[in-house]
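Working notes, structure below.
2 protein chains.
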Amino acid sequence: MKKIGKFVSYTDQVYRELKSAIVSGDIQQGEFLQERSIAEQLGVSRTPVREAIKRLEFEDWVETLPWKGVVVKDIDRQDIIEVFQCRYANEGFVGERVASTITDENMAELKKIKSTMEELADESRQEFINEDRKFHMHLAQLTNNSLLIHFLDRLSDQMLRFGILAVKDKVRIKETLEEHQAIIDALETRSPEKTKEAIQRHIDNSQDVLLHQTKERE
Amino acid sequence: MKKIGKFVSYTDQVYRELKSAIVSGDIQQGEFLQERSIAEQLGVSRTPVREAIKRLEFEDWVETLPWKGVVVKDIDRQDIIEVFQCRYANEGFVGERVASTITDENMAELKKIKSTMEELADESRQEFINEDRKFHMHLAQLTNNSLLIHFLDRLSDQMLRFGILAVKDKVRIKETLEEHQAIIDALETRSPEKTKEAIQRHIDNSQDVLLHQTKERE
DNA sequence: ATATATTAACTGGTATACCGCATACCGAAT
DNA sequence: ATTCGGTATGCGGTATACCAGTTAATATAT
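Residue numbers (the working numbering), protein chains in the order written: chain A, 1 to 218; chain B, 1001 to 1218.
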């Protein structure tokens, strides 16, 4: 008798619940997470709630003030800069590393994702963003570096929080598609240098748009 | 009224205790961590031990097998490669970023660390490694990117685990000093490109030595 | 003797009660 | 009116008891 699926603990469920609530904005920044009320609300005890919160804390979603409470961290320009700098460094490396060894199959997969994004451009912003994430993470997978992949995955999570803004207007969507095409073109040449530059240019542009749209606040 | 010191929980203490035990080899890879016995041994309850273990799990030191146990992950060639690739990408970025803006004070600090390392070269391997970490982390600090800094700090922790091997022989110590000097020289020119290359060359060399010394096993 | 069912002794997972710090409130002293 | 100090309350931190799979030794049937 084999176990079919993995065991999913309450902790996991609560974690996913809370993270998606933060990402979607249902729980706003500055808001306090209260172990007891969340536990009651979800029908579990404080323990799994507590462990879920610890994970969120580790991933920098929330901050624990001892004896006072757990507060959802807010994001400012500095956070955006930090995430994009890390993406710049690591995704640039991914491109450099992957360009010379990428297979035709993987190229096809990237093109497929890109065409899906084109279809979704006028449809659903949310789905568009999901596919964008797939595009970048598909490249990352090719490094076979799980440490790097996990880190980029965390960054992608953070992106979701302010990612909604990044592709707010039609212009940026069009640019995003063009830049993805440029990455694909660079990959076709199998040139590590060109690929790295195409990716880093894409990331720099995204950052610029996002920072520009965040300028006035605070 | 200022708060004098930070509050340190049992969880923090247990975490540090366990991590240093793993790093030092007191707890070997493959060994099982048992919440109950550790709690008893340290004179605390299971709860803080459990939370400490969760943190270790998140940082990939251990793996939890539900209802079976928590086992200390072992490190293989792939782990070494992954850590060094991440260092290559991120520390390279640090060099690129910092070269053009580094102050004379910070240059002086780097030189000071380097001369300390020279003094320690024949004394204490452990202290030598600590100073090496300081050198790299000092550069990282200059980016003011806390996300990046935390990631590199985690990588440094991992380095400790197999770092003992990296500077096992006198030859490698001498090379390390030379390569640090090369990084300092590159910084003097304020050239992002040269600095990045000097750092990445240093990291590549360290990786080569380490992989070479790990070749036979498994 | 061997194969199989049982069960006892682990483990981590969860629920819950209690502790101690931080804060807000309220009354007494100034 | 202001300030100081006690106190009630709410929070995370910790301890502990119990639950639920897993495993392996053991009893039992063949």
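All residues carry an ideal CB built from backbone N, CA and C; glycine is no exception.
Start-to-end residues for the beta strand (DSSP E) that takes in Gly1095(B): As a working mapping, residue 1095(B) is identified with position 95 in the second sequence. That residue, Gly1095(B), is in no beta strand (DSSP E); its alpha helix (DSSP H) goes 1077-1098.
What does the alpha-carbon distance come out to for the pair Val1023(B) and Ala182(A)? Within the second sequence, numbered from 1, the residue matching residue 1023(B) stands at position 23. Within the first sequence, numbered from 1, the residue matching residue 182(A) stands at position 182. Near 44 Å, if we compare the C-alpha coordinates of Ala182(A) and Val1023(B).
Hey, does Gly30(A) have any beta-carbon neighbour from chain B nearer than 9 Å? Counted from its first residue, the first sequence places residue 30(A) at position 30. Look at Gly30(A): its C-beta is not under 9 Å from any C-beta on chain B.
When DSSP labels each residue in this structure, what does Leu33(A) get in the three-state scheme? Locating residue 33(A) in the first sequence gives position 33, where the first residue counts as 1. Leu33(A) falls in the strand class under three-state DSSP.
Closer than 6 Å by C-beta to Lys1134(B): which residues in its own chain qualify, once you throw out the five before and the five after it? Chain order, please. By one-based count along the second sequence, residue 1134(B) stands at place 134. Answer for Lys1134(B): Ile1113, listed in chain order.
Report the option in Val1171(B), Trp1061(B), Glu1118(B), Leu1211(B) whose CA atom is closest to the CA atom of Gly1030(B). Locating residue 1030(B) in the second sequence gives position 30, counting from the first residue. The shortest Cα separation from Gly1030(B) among Val1171(B), Trp1061(B), Glu1118(B), Leu1211(B) belongs to Trp1061(B).
Looking at chain B, is there any beta carbon in it that lies within less than 9 Å of the beta carbon of His101(A)? The residue given as residue 101(A) occupies position 101 in the first sequence. Correcting the residue type first, residue 101(A) is Thr in the shown sequence and not His. Output row for Thr101(A): interface = no.
At a CB distance below 9 Å, what residues from the segment 54-75 of chain A approach chain B? Give them in sequence order. So the list reads Lys54, Arg55, Phe58, Glu59, Asp60, Pro66, Trp67, given in the order they occur along the chain.
Quick check: the segment 1096-1106 of chain B against the segment 1173-1181 of chain B, are there 3 or more CB pairs under 8 Å? Taking one beta carbon from each stretch, the segment 1096-1106 of chain B and the segment 1173-1181 of chain B have fewer than 3 pairs nearer than 8 Å; the two do not touch.
What residues from the segment 1130-1150 of chain B come within 8 Å of chain A, judged by C-beta to C-beta, listed N to C? Thr1143, Asn1145, Ser1146, Leu1147, Leu1148
If you count every other CB in all the chains shown that lies within 10 Å of the CB of Glu131(A), and 16 or more means buried, which is it? The residue you call residue 131(A) lines up with position 131 of the first sequence. Glu131(A) is buried by the Cβ-count criterion.
Pull up the DSSP beta-bridge partners for Leu1065(B), would you. Residue numbering aside, residue 1065(B) sits at position 65 when the second sequence is read from its first letter. Note: Leu1065(B) sits in a beta bridge opposite Gly1069(B).
Backbone CA spacing between Ile1199(B) and Gln13(A) [nearest angstrom]: By 1-based counting over the second sequence, the position of residue 1199(B) is 199. By 1-based counting over the first sequence, the position of residue 13(A) is 13. Their Cα atoms are separated by approximately 42 Å.
With DSSP run on the structure shown, which of helix, strand or coil describes Arg125(A)? If you number the first sequence from 1, residue 125(A) lands on position 125. Three-state DSSP puts Arg125(A) in a helix.
Phe1093(B) touches chain A at which residues, Cβ-Cβ below 9 Å? Along the second sequence, read from residue 1 onward, the residue named residue 1093(B) stands at position 93. Correct list: Gln85, Cys86, Tyr88, Ala89, Asn90, Gly92, Phe93.
Closer than 7 Å by C-beta to Thr1047(B): which residues in its own chain qualify, once you throw out the five before and the five after it? Chain order, please. Position 47 of the second sequence, counting from 1, holds the residue named residue 1047(B). Same-chain partners within the cutoff: there are none.
Which residue from Ile1149(B), Asn1090(B), Ile1129(B) puts its Cα closest to that of His1224(B)? The first residue shown for chain B is 1001 and the last is 1218, placing residue 1224(B) beyond what the model contains.
Based on Cα-Cα distance, which residue from Gln126(A), Ser100(A), Ala140(A) lies nearest to Thr189(A)? Position 189 of the first sequence, counted from the start, is the residue given in the question as residue 189(A). Closest by alpha carbon: Ser100(A).
How would you call Ser1206(B), buried or exposed, if buried means at least 16 neighbouring beta carbons within 10 angstroms? What you label residue 1206(B) is simply residue 206 of the second sequence in a count that begins at 1. With 16 or more other Cβ atoms within 10 Å, it is buried.
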